[in-house]
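Undergrad:
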Ligand SMILES: [Fe+2]
Ligand SMILES: [Fe+2]
């Protein structure tokens with residue numbers, strides 16, 4: 064299956080033309096399915112999502128998405144998910160979806176750091192609740208992966224699951240760019256590939272400890288390539 068993937072479209076109300084331009088090649092049949100790895104809108108407002116959806120529908124492609132932190136900014140995340148599902152987009156939040164023998168497991172994920180730098184649930188209640196959120200998100204992903212029976216299992220998250228694809232961002236930001244807890248789950252379930260966004264100035268490709276390829280498909284990163292790209296194409 065030829066999959067196109069992009070994250071961090073950050074659609075604003077006046078963005079109809081910009082989004083149309085970015086998605087044009089997809090409308091021409093470049094891929095069989097589109098993955099959207101979160102930060103679909105800038106401030107998580109339903110009117111922003113409306114603009115994005117109007118452009119996505121033109122593509123006539125199956126679409127699988129997760130939300131990102133920006134989509135939570137206005138507290139309207141449930142409404143945004145509903146809008147996506149209403150038009151037939153697979154808006155995953157700890158759920159799985161199968162199509163043509165390929166399985167997709169999606170969750171937003173959370174931050175907390177990588178490897179030895181991973182925050183642990185110790186000390187103040189605020190720290191424990193932060194770490195608890197990171198654990199909850201990895202459990203959501205685990206639940207989704209455990210539902211899949213397909214041989215190929217593609218993971219979609221917003222936050223980075225490994226430090227390698229955050230490389231390029233300021234070191235100080237790493238604890239807020241993602242969490243190793245996400246890649247640990249993927250390794251356990253031997254996922255085929257992982258797509259994420261959020262690290263706008265990260266690195267295109269990395270691998271988990273278990274060797275699973277990880278693709279950072281943040282649009283600003285894709286646009287910084289020569290020539291600029293509007294999405295990443297991967298065959299799974
Ligand atoms: Fe973003
Ligand atoms: Fe983000």
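Residue numbers (this note's numbering): 64 to 299.
Just so you know, even glycine gets a beta-carbon here, dropped at the ideal spot from N, CA and C.
Quick check on residue 199 - is its C-beta less than 8 Å from some C-beta in chain D?
TA: Protein chains in the displayed structure number just one, and chain D is not present.
Undergrad: Using only the alpha-carbon positions, how far apart do residue 175 and residue 222 sit?
TA: Numbered from its first residue, the chain shown carries residue 175 at position 112. Numbered from its first residue, the chain shown carries residue 222 at position 159. Roughly 10 Å separates the two Cα atoms.
Undergrad: Could you give the residue range of the beta strand (DSSP E) that holds residue 167?
TA: The residue given as residue 167 occupies position 104 in the chain shown. Looking at the DSSP string, the run of the beta strand (DSSP E) that includes residue 167 is 165-169.
Undergrad: What first and last residue would you give for the beta strand (DSSP E) that runs through residue 190?
TA: Counted from its first residue, the chain shown places residue 190 at position 127. It is not in any beta strand (DSSP E) - residue 190 instead sits in the alpha helix (DSSP H) that spans 188-210.
Undergrad: Measuring CA to CA, which of 240, 255, 112 is closest to residue 273?
TA: Numbered from its first residue, the chain shown carries residue 273 at position 210. Here the closest residue by C-alpha is 255.
Undergrad: Whole angstroms is fine: what's the gap from residue 77's alpha carbon to residue 114's?
TA: As a first step, residue 77 is located in the chain shown; it is residue number 14 there, counting from the start. As a first step, residue 114 is located in the chain shown; it is residue number 51 there, counting from the start. Each residue's alpha carbon lies about 8 Å from the other.
Undergrad: Kindly list the residues whose CB is nearer than 8 Å to the CB of residue 139, restricted to its own chain and excluding five residues on each side of it in sequence; keep chain order.
TA: Working through the chain shown from its first residue, we reach residue 139 at position 76. Correct list, in chain order: 107, 108, 109.
Undergrad: Please go through the same chain and pick out, in chain order, the residues whose beta-carbon is closer than 6 Å to the beta-carbon of residue 73, but skip the five residues on each side of it.
TA: Within the chain shown, numbered from 1, the residue matching residue 73 stands at position 10. Within the same chain, residue 73 has close Cβ partners 102, 105.
Undergrad: Report the CB separation of residue 172 from residue 241 in whole angstroms; it is logged as a contact under 8 Å.
TA: In the chain shown, the residue the question calls residue 172 occupies position 109. In the chain shown, the residue the question calls residue 241 occupies position 178. Contact flag correct, Cβ pair sits at about 7 Å.
Undergrad: Measuring only the C-alpha atoms, how far is residue 86 from residue 185?
TA: Here the question's residue 86 lines up with position 23 in the chain shown. Here the question's residue 185 lines up with position 122 in the chain shown. Cα atoms of residue 86 and residue 185: separation of roughly 45 Å, rounded to the nearest angstrom.
Undergrad: Using only the heavy atoms of ligand 2, determine whether one of them is closer than 7 Å to the beta carbon of residue 78.
TA: The residue labelled residue 78 in the question sits at position 15 within the chain shown. It does not: the Cβ of residue 78 is nowhere closer than 7 Å to a heavy atom of ligand 2.
Undergrad: If you compare alpha carbons, which of 169, 133, 229, 123 is closest to residue 279?
TA: On the chain shown, position 216 is the one that residue 279 refers to. Nearest C-alpha to residue 279: 229.
Undergrad: Measure the C-alpha to C-alpha separation of residue 182 and residue 123 and round it to an integer number of angstroms.
TA: Start at 1 with the first residue of the chain shown, and residue 182 comes out as number 119. Start at 1 with the first residue of the chain shown, and residue 123 comes out as number 60. Straight-line Cα distance between these residues: approximately 42 Å.
Undergrad: Can you tell me which residues form a DSSP beta bridge with residue 69?
TA: Against the chain shown, residue 69 aligns to sequence position 6. In DSSP, residue 69 forms a bridge with 99.
Undergrad: My output table needs one value for residue 213: the three-state DSSP class, helix, strand or coil.
TA: For this step, residue 213 is matched to residue 150 along the chain shown. Three-state DSSP puts residue 213 in coil, outside helix and strand.
Undergrad: Alpha carbon to alpha carbon, how far is residue 150 from residue 116? Give it in angstroms, no decimals.
TA: Walking along the chain shown from the start, residue 116 turns up at place 53. Walking along the chain shown from the start, residue 150 turns up at place 87. Taking the straight line from one Cα to the other gives about 8 Å.
Undergrad: Out of 170, 137, 199, 178, point me to the one whose CA is closest to residue 208's CA.
TA: Here residue 208 is taken as the residue at index 145 of the chain shown, counted from 1. Nearest Cα to residue 208 within the set 170, 137, 199, 178: 170.
Undergrad: What's the call for residue 192, buried or exposed, on a 16-neighbour Cβ count within 10 Å?
TA: In the chain shown, the residue the question calls residue 192 occupies position 129. Under this definition residue 192 is an exposed residue.
Undergrad: With a cut-off of 8 Å on the beta carbons, I'd call residue 100 and residue 220 a contact; round off their distance for me.
TA: Residue numbering aside, residue 100 sits at position 37 when the chain shown is read from its first letter. Residue numbering aside, residue 220 sits at position 157 when the chain shown is read from its first letter. Yes, they are in contact, since the Cβ atoms of residue 100 and residue 220 sit about 7 Å apart, within 8 Å.
Undergrad: Mapping DSSP to helix, strand and coil, what is residue 283?
TA: On the chain shown, residue 283 is found 220 positions in, with the first residue counted as 1. Helix.
Undergrad: Express the C-alpha separation of residue 227 and residue 246 in angstroms, rounding to a whole number.
TA: As a position in the chain shown, residue 246 is number 183, starting the count at 1. As a position in the chain shown, residue 227 is number 164, starting the count at 1. Answer to the nearest angstrom: the Cα atoms are 12 Å apart.
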